[in-house]
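Note sheet for the following structure.
Residue numbers (my numbering): 684 to 1434.
If you want it as structure tokens, here you go:
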């Protein structure tokens, strides 16, 4: 401080023609600080404020005290006069003017707030992923405020405060017990945030008890040249610390110290007070001892005095040659200090709205084997944005070559979540995330998140994947085969229809049913159309048309086959035994009435099925797939539809069996029986596949389509195939003479 004031008074640029005076008080205790503050606050002169007289303090600004507790205490004495305080060491976060009502409106500091120092310490912990930490401080605002900020900062950093303790200044056993408790809790990293006198007591106890840890220190003791000289200091383990960024030595300071010491006469009892640059106490130490002291706060003191000088320079409206002769009040300096900005040693000095200055910290490592034990290994800056850097290659650890793993629990393997086993979130067990869930270790390491409905994951996944949407695609090989088979079936039905129309008047076509046989071929072709609704992604329309299209027209086909079998039996048996009934049946078109009734019934059932909770597309979520299928709709109605078709098939089978002894050319039994056997076999096969492979949804869909084709092929080839063969390759059997001969032979046999 003395050096800085002399430098300013000798300057020709700053405060020309104005000399700064000063008084220095010892603040080594709270009482000493209060006495000093009271002395500064006493009235020097009386001034007029409106119609009243007020007291003007004897000084216009105060620098110091160093400690946060002392500063908070004495600052209240200066508020009445708004005496500005520019401190170089009080770093408590309480002193920031960030409350709705400012507690310290006249406070400024050239040392950074502890908020930034704590942020730098937390960055060190995060860098090495240390999360099981103890915090030890003194019984001071400096330590208590830092602890509050530390607890706030670690919440978002996945760091747990395993222990918090206070250093005892009078009981070494209490300090030893505190270190023992920390060791029992398996805490290997200690943040030591306290003043040098408290730190010295604790570290001496740690050395004596051979407590080896990783210590992270605050700026008050990190560069202590006295502390690092303690006997067996290397027993501490590894020491890292945060300190104010070291500046170049102040030019001329060393010479000033030598000059001051050599020019000061030895003190003598009763010599009285001295003034100016005379320092009686300086004769008790050498210049080298003074200069070798911890220089952490040298620049903070230097810049604090310069800040006051620049504010005074602005208040006095100084020009390069002179300043105005004004009476300066303390509150005038406060206004000037809020806007002051200047550079010292390439460092900008300024204050924000809270009276705080920017933070520039160095990260220091204690290297016992180095002649210069304080090795700068990183830095932390608060402006323009927070920036942290650390060079791990400059470290040597007491535990080995690599940085120790100082965690309560080892990190969980990939795909596992944390399961807390204690109050602290850092102590946990690991549990794998099951299929269908995943874990994002960055966002939430404690919870296995469920995948969305369209996603899937396996055991131990860190993300979800989209499920493959599965259905019978148009471009699939089996789908192409189905479409070709259905198209070929329709074409074949058309060809047989054309053949029957062309040979309509021949006995074979007549015996096959004539017009009814032509209608059956149309029904078969229309039944085949249902196969085209099985390809592609299911929709409400395709789901509603699949089964009804087949069941309606195939029911019509079965009703025709049943009627045809019945008619042949009637011609040879019923017409003889019940001629009038047969005549009534033929005369009133009984066969067409039955076909119409059966078909209309099936149509009505189909409409009811569609509109009464009918089939809809449904997504079935498998592990890796989303299968889109059609539901069965109302099962009861669907069962009724299949029952109607089944009853008609049984009727056809019964009539076919009754006509097994008819003339060969009129014997439809074998043809109908063969057709119905194919029908029964195909749907029995489908039901078997459905119940055995019910989770192969696409396969079941394909099986249903093929069963429809088999049912159609059974009639097409089993019933119409032999007749087409006769028409094309045995025309001699397609004559009236041949049929009459067959009837005569049957009549002779019946006799």
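From the three backbone atoms N, C-alpha and C, an ideal C-beta is built for every residue, glycine too.
Problem - Whole-angstrom distance between residue 804 and residue 688, CA atom to CA atom - result: 35 Å
Handout entry: Unbroken beta strand (DSSP E) run spanning residue 1281, endpoints
Key = Premise fails: residue 1281 lies in the alpha helix (DSSP H), 1273-1294, not in any beta strand (DSSP E).
Practice task
Would you check if the distance between the CB atom of residue 829 and the CB atom of residue 876 is smaller than 8 Å?
Solution key: yes
Practice task
Using the Cα positions of residue 801 and residue 1062, report the straight-line distance between them to the nearest angstrom.
Solution key: 13 Å
Problem - Distance, residue 700 Cα to residue 945 Cα - result: 29 Å
Problem - Secondary structure, beta strand (DSSP E): runs of 3+ residues fully inside the region 1096-1122 - result: DSSP runs (the beta strand (DSSP E)) wholly in the region 1096-1122: 1099-1103 and 1111-1115.
Problem - First and last residue of the uninterrupted beta strand (DSSP E) at residue 1513 - result: Because the chain here runs from 684 to 1434, residue 1513 falls outside it and cannot be looked at.
Exercise for the section: Output the distance between the C-alpha atoms of residue 1311 and residue 1382, rounded to the nearest integer angstrom. Expected result: 12 Å
Practice task
Return helix, strand or coil for residue 1031, following the three-state DSSP convention.
Solution key: Residue 1031: strand per DSSP, three-state reduction.
Exercise for the section: Please confirm if residue 1305 has its CB atom under 8 Å from at least one CB of chain C. Expected result: Within the model displayed, chain C is absent; a lone protein chain is all it includes.
Exercise for the section: Note the first and the last residue of the continuous beta strand (DSSP E) segment covering residue 1071. Expected result: 1070-1073
Handout entry: Rounded straight-line distance, which links the Cα of residue 1204 to that of residue 1173
Key = 9 Å
Practice task
Report the residue from 863, 1159 and 827 whose alpha carbon sits nearest the alpha carbon of residue 894.
Solution key: 863
Problem - The beta strand (DSSP E) enclosing residue 1129, as first and last residue numbers - result: 1127-1133
Exercise for the section: Can you have a look at residue 1231 and say buried or exposed, based on whether 16 or more other CB atoms are within 10 angstroms of its CB? Expected result: buried
Handout entry: Check whether residue 1214 and residue 1287 have beta carbons under 8 Å apart
Key = no
Practice task
Whole angstroms is fine: what's the gap from residue 1136's alpha carbon to residue 1296's?
Solution key: Across the structure, residue 1136 and residue 1296 are spaced so that their CA atoms are roughly 24 Å apart.
Problem - Cβ separation of residue 693 and residue 703, assumed to be a contact under 8 Å, to the nearest whole Å - result: Their Cβ separation, rounded to whole angstroms, is 11 Å, which puts residue 693 and residue 703 out of contact at 8 Å.
Exercise for the section: Within 10 angstroms of the Cβ of residue 1207, are there 16 or more other Cβ atoms? Answer buried if so, exposed if not. Expected result: It counts as buried.
Handout entry: Close Cβ partners of residue 1099 (< 8 Å) along its chain, the five nearest in sequence each way excluded
Key = 1113, 1114, 1115, 1116, 1122 and 1143
Problem - Local conformation of residue 1325 per DSSP, three classes - result: Secondary structure at residue 1325: helix, using DSSP grouped into helix, strand and coil.
Problem - Chain-order list of residues whose beta-carbon lies under 6 Å from that of residue 1306 (same chain, five-residue window excluded) - result: 1139
Handout entry: Boundaries of the alpha helix (DSSP H) in which residue 804 is found, first to last residue
Key = Unbroken alpha helix (DSSP H) run through residue 804: 797-810.
Handout entry: Residue from 1338, 1195, 1391 and 1378 whose Cα sits closest to the Cα of residue 1361
Key = For residue 1361, the nearest C-alpha among the options comes from 1391.
Problem - Alpha-carbon spacing of residue 768 relative to residue 686, whole angstroms - result: Using only the alpha carbons, I get a separation of about 20 Å.
Problem - Exposed unless 16 or more other CB atoms sit within 10 angstroms - verdict on residue 1410 - result: buried
Practice task
Buried or exposed for residue 1229, please, with buried defined as at least 16 other CB atoms from any protein chain shown within 10 angstroms of its CB.
Solution key: buried
Exercise for the section: Report buried or exposed for residue 956, applying the criterion of at least 16 other Cβ atoms within 10 angstroms of its Cβ. Expected result: Because residue 956 sits at a pLDDT of 44, beneath the cut-off of 50, its placement in the model cannot be relied upon, and the following sentence gives the value as read from the coordinates. Residue 956 is exposed by the Cβ-count criterion.
Problem - Length of the line joining the Cα atoms of residue 806 and residue 1046 - result: 11 Å
Practice task
Return yes when the Cβ of residue 1398 is within less than 8 Å of the Cβ of residue 1238, no when it is not.
Solution key: no
Handout entry: 6 Å Cβ shell around residue 661 - same chain, five flanking residues per side excluded
Key = Look at the range of the chain in this structure, 684 to 1434, and you will see that residue 661 is not part of it.
Practice task
Measure the C-alpha to C-alpha separation of residue 1224 and residue 1389 and round it to an integer number of angstroms.
Solution key: Computed Cα separation, rounded: 21 Å.
Problem - Boundaries of the beta strand (DSSP E) in which residue 768 is found, first to last residue - result: 768-770
Handout entry: the region 1155-1164 contacting the region 1186-1193, beta-carbon criterion three pairs below 8 Å
Key = no
Practice task
Output the distance between the C-alpha atoms of residue 1376 and residue 1154, rounded to the nearest integer angstrom.
Solution key: 16 Å
Exercise for the section: Say whether the region 786-801 touches the region 809-822, bearing in mind that this needs 3 or more beta-carbon pairs closer than 8 Å, one atom from each stretch. Expected result: no
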